[in-house]
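Everything below concerns the one structure shown next.
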């Protein structure tokens, strides 16, 4: 699979073209899932982790904002007994360090770095060299390194970016009695 995704290769996939969670995420590369709150980015991440743990692999989630909902993940098939959840208490620097240690340790089918909702100040402190270091560390492994964020962070170090567009809610009626008719 790594030969199909040479370094520097970049692609933005619409979600509909992904055939099966986990199959289209290249191993030994950085992929990004980006979108606003309620765009479905976390659902895609849960599906990826569920596919990995369903194959008997171990997965790791580095949660910079302590936002992981284990019940939601389990309800879509994530085997929690195969998931290492690293809580970083809102510290993006600790999240980067934890992800680096997990990649170096090996043994994970997926390492997910959740930087969604991190403050702009915290994200601005991430040096661009960090992404090059991650790319180098993961390239010779069978690990899928996935970054979850509001916008692309790894830039040229990422081989695939899935952009989750915000959905628009459609309401009918007169305020204050509005009815949600569609979300799409």
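In the numbering used here, the protein residues as written are 22 to 205. Heads up, the beta-carbon is just placed ideally off N, CA and C, and yes, glycines get one too.
Check	Outcome
How about residue 178 and residue 70: are their beta carbons less than 9 Å apart?	no
In this structure, does DSSP put residue 192 in helix, strand or coil?	strand
Write down every uninterrupted run of the beta strand (DSSP E) in the segment 36 to 85 whose length is 3 residues or greater and which is fully enclosed by it, in chain order.	50 to 56 and 80 to 84
List the endpoints of the continuous beta strand (DSSP E) containing residue 169.	165 to 170
Assess, as a yes-or-no matter, whether the segment 114 to 121 is touched by the segment 132 to 145 under the definition of 3 or more beta carbon pairs within less than 8 Å.	yes
Classify residue 180 as helix, strand or coil using the three-state DSSP reduction.	strand
In or out: residue 25 buried (at least 16 other Cβ within 10 Å) or exposed?	Only weak support is given to the placement of residue 25: the predicted model assigns it a pLDDT of 47, under 50, and the question is left unresolved by the model.
Tell me, to the nearest whole angstrom, how far the beta carbon of residue 65 is from that of residue 181; I am working on the premise that it is less than 8 Å.	Residue 65 to residue 181, Cβ: 12 Å. No contact.
When burial is assigned at 16 or more other CB atoms within 10 Å of the CB, is residue 176 buried or exposed?	exposed
So what's residue 203 in DSSP terms, helix, strand or just coil?	strand
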